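Enquirer:
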Ligand code: PMP
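Residue numbers (the UniProt record's numbering): 9 to 414.
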């Protein structure tokens with residue numbers, strides 16, 4: 009796979025330049041979190057060394073600088089996903105964004121007998137918040153089954169849509185199998201029946217171009233740390249009409265217009281959902297991360313990763329006894345597998361000794377693992393800075409692990 013730019017890209021990631029356990033680091037745990045380019049690290053250092061100050065309430069220069077940078081980051085993320093800036097709420101991450109919507113539906117929408125549709129490949133963060141509110145409101149959680157190939161059963165999805173369904177909340181990309189779901193089709197089928205859709209874009213944002221207005225999606229959640237940005241920051245995109253309709257998530261400073269002991273009025277969206285001092289530095293870091301991705305180009309990233317994923321799947325197939333979990337037609341950077349009877353974590357430990365970072369276990373998708381009757385998988389997940397040499401080392405490492413584990 010020829011892409012000379014990738015070497016320049018790698019040079020922008022200081023962490024990739026080190027050895028781990030005496031071997032050059034091979035980082036293949038990008039589904040858990042991505043590494044950060046120097047531009048992101050620098051943007052955060054500049055904030056703390058030059059204009060650290062609280063946002064929105066200050067007349068002094070530093071506070072105005074901090075406010076502009078924080079709001080510029082919102083504009084940058086909004087542009088990145090094709091949204092208006094006032095439709096972008098800063099959250100702690102995907103989990104927080106989903107909980108924000110769940111809380112709003114609990115208070116303003118959901119009634120006894122209503123239904124919410126999720127899928128069998130959801131991360132726990134797109135299961136548990138809905139379980140909690142369904143339990144409380146006497147509503148039902150309906151689950152779109154996953155096929156043997158690790159795709160959504162779309163016929164089953166169609167048959168689950170009915171007048172009782174208040175929301176479809178589905179992941180764009182499976183964090184365990186890398187399956188890319190047919191989100192356009194899901195949205196149009198749900199909309200035909202007037203049902204809104206939330207997309208969990210945690211595993212899509214660093215790999216697939218996102219255009220929320222084109223998709224006509226109602227809500228979309230993503231995490232900064234899986235998009236080359238810092239932890240502790242993410243966003244909820246919501247259509248303006250939805251953000252207006254949902255009640256505040258938390259109460260506190262910054263989310264109000266006027267407070268009296270009799271009645272409080274709320275700030276306009278998105279600030280209505282941003283109570284308290286936000287993660288200012290992290291938001292600025294996320295803005296820098298988005299700028300970094302734009303510099304490379306998300307379409308180029310997608311094309312390169314597509315080739316790299318195909319290369320990896322083909323190379324891993326050569327290992328005797330390997331079994332893939334998830335062989336979808338459309339896939340993004342995550343590859344899950346098991347080798348013979350070896351336990352995923354044993355493989356993970358042996359790979360770590362060779363400087364190769366993968367994730368093992370259930371990847372916060374226990375129902376999916378139950379569906380396949382497995383305790384978990386070994387998951388290699390790619391990002392734009394990975395190269396074929398990383399894959400070659402992974403395959404060699406897996407072979408070694410299999411030999412050692414008998
Ligand atoms: N959804 C998916 C598909 C994920 O992969 C993850 C993170 N592994 C999350 C949600 C939760 O993201 P966060 O922990 O950043 O809130």
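Backbone N, C-alpha and C fix where the C-beta goes; we use that ideal spot for every residue, glycine too.
All figures in this text were calculated on a predicted structure; none of them were measured in a lab.
Can you list, in chain order, the residues of its chain with a C-beta nearer than 8 angstroms to that of residue 331? Leave out the 5 residues immediately preceding and following it.
Expert: Excluding residues within five positions, the ones whose Cβ falls inside 8 angstroms are 345, 346 and 347.
Enquirer: Going by beta carbon distance, what residues of the same chain come within less than 7 angstroms of residue 83, once the five residues before and after it are set aside?
Expert: Here the set comprises 93.
Enquirer: How is residue 254 classed by DSSP in three states: helix, strand or coil?
Expert: Reduced to three states, the DSSP call for residue 254 is coil.
Enquirer: Do you know how far the Cα of residue 257 is from the Cα of residue 91?
Expert: So the alpha carbons of these two residues sit roughly 21 angstroms apart.
Enquirer: Cβ of residue 344 versus every heavy atom of the ligand PMP: is any distance shorter than 7 angstroms?
Expert: Not so, every heavy atom of the ligand PMP lies at least 7 angstroms from the Cβ.
Enquirer: Using 8 angstroms for Cβ pairs, my map puts residue 178 next to residue 249. What's the rounded Cβ distance?
Expert: Not quite, the Cβ-Cβ distance comes to about 21 angstroms (not below 8 angstroms), so this is no contact.
Enquirer: Would you kindly work out how many angstroms separate the C-alpha atoms of residue 371 and residue 316, rounded to a whole number?
Expert: Rounded to the nearest angstrom, the two C-alpha atoms are 22 angstroms apart.
Enquirer: Would you tell me roughly how many angstroms separate the C-alpha atoms of residue 31 and residue 143, rounded to the nearest one?
Expert: Cα to Cα, residue 31 sits roughly 49 angstroms from residue 143.
Enquirer: Can you list, in chain order, the residues of its chain whose CB lies under 7 angstroms from that of residue 339, leaving out five sequence neighbours each side?
Expert: So the list reads 186, 187, 188 and 317, once near-sequence residues are dropped.
Enquirer: Less than 8 angstroms separating the beta-carbons of residue 294 and residue 241?
Expert: Yes, the Cβ-Cβ distance between residue 294 and residue 241 is below 8 angstroms.
Enquirer: In terms of alpha-carbon separation, which member of 166, 78 and 145 lies closest to residue 152?
Expert: Cα-wise, what sits closest to residue 152 is 166.
Enquirer: Considering just the uninterrupted stretch of the beta strand (DSSP E) at residue 146, what are its terminal residues?
Expert: Neither: residue 146 is in no beta strand (DSSP E) and is coded neither H nor E.
Enquirer: Hey, is the segment 15-23 in contact with the segment 38-45, meaning 3+ C-beta pairs nearer than 8 angstroms?
Expert: Because the criterion of three Cβ pairs below 8 angstroms is met, the segment 15-23 and the segment 38-45 touch.
Enquirer: Check whether the segment 226-239 and the segment 201-216 touch, using three or more Cβ-Cβ pairs below 8 angstroms as the test.
Expert: Cβ pair count under 8 angstroms is three or more, so yes.
Enquirer: DSSP on residue 123, reduced to helix/strand/coil?
Expert: Residue 123: strand per DSSP, three-state reduction.
Enquirer: Where does residue 70 land, buried or exposed, given buried means 16+ other C-beta within 10 angstroms?
Expert: So residue 70 ends up on the exposed side.
Enquirer: Would DSSP call residue 247 helix, strand or coil?
Expert: Coil.
Enquirer: For residue 350, which residues of its own chain have a beta-carbon under 8 angstroms away from its beta-carbon, when the five flanking residues on both sides are left out?
Expert: Cβ neighbours of residue 350 beyond the five flanking positions: 409, 410 and 413.
Enquirer: Which residue or residues does DSSP assign as beta-bridge partners of residue 345?
Expert: Paired residue(s): 332 and 386.
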